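I have placed the structure first, in the form of structure tokens, so that the comments after it can refer back to it.
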């Protein structure tokens, strides 16, 4: 869909009757636009991965804190019973 929009825009900017140099320029513009889109998509994907890792790390830290509290409670009970 995005590729089609880019193609329509490029068709308006560079009509089919243009010379070989114009066709080359059109192709370069198309490649540039596609590269820019790919870079944006890759950046968004990387941001999502980083956010997912943050959520995972936060959850792991909460589990560790919970287990540490459990261990401390059990240790206190053991000490009391001795």
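In full-length UniProt numbering, the protein residues as written are 1 to 82.
For each residue, glycine too, the CB sits at the ideal point set by N, CA and C.
From a predicted model like this one, the values you see are computed outputs, not experimental measurements.
Pop quiz: residue i and residue j are said to be a contact at Cβ under 8 Å. What is the actual Cβ separation, rounded to whole angstroms?
| i | j | result |
| --- | --- | --- |
| residue 40 | residue 6 | About 13 Å; that fails the 8 Å criterion. |
Between the options, which lies nearest to residue i when the distance is taken from Cα to Cα?
| i | options | result |
| --- | --- | --- |
| residue 36 | 78, 63, 2 | 2 |
| residue 4 | 28, 34, 20 | 34 |
Skipping 5 residues on each side, what residues in its chain have a beta carbon closer than 6 Å to that of residue i?
| i | result |
| --- | --- |
| residue 32 | none |
| residue 63 | none |
Whose C-beta lies closer than 8 Å to the C-beta of residue i among residues of the same chain, with five residues either side of it excluded?
| i | result |
| --- | --- |
| residue 76 | none |
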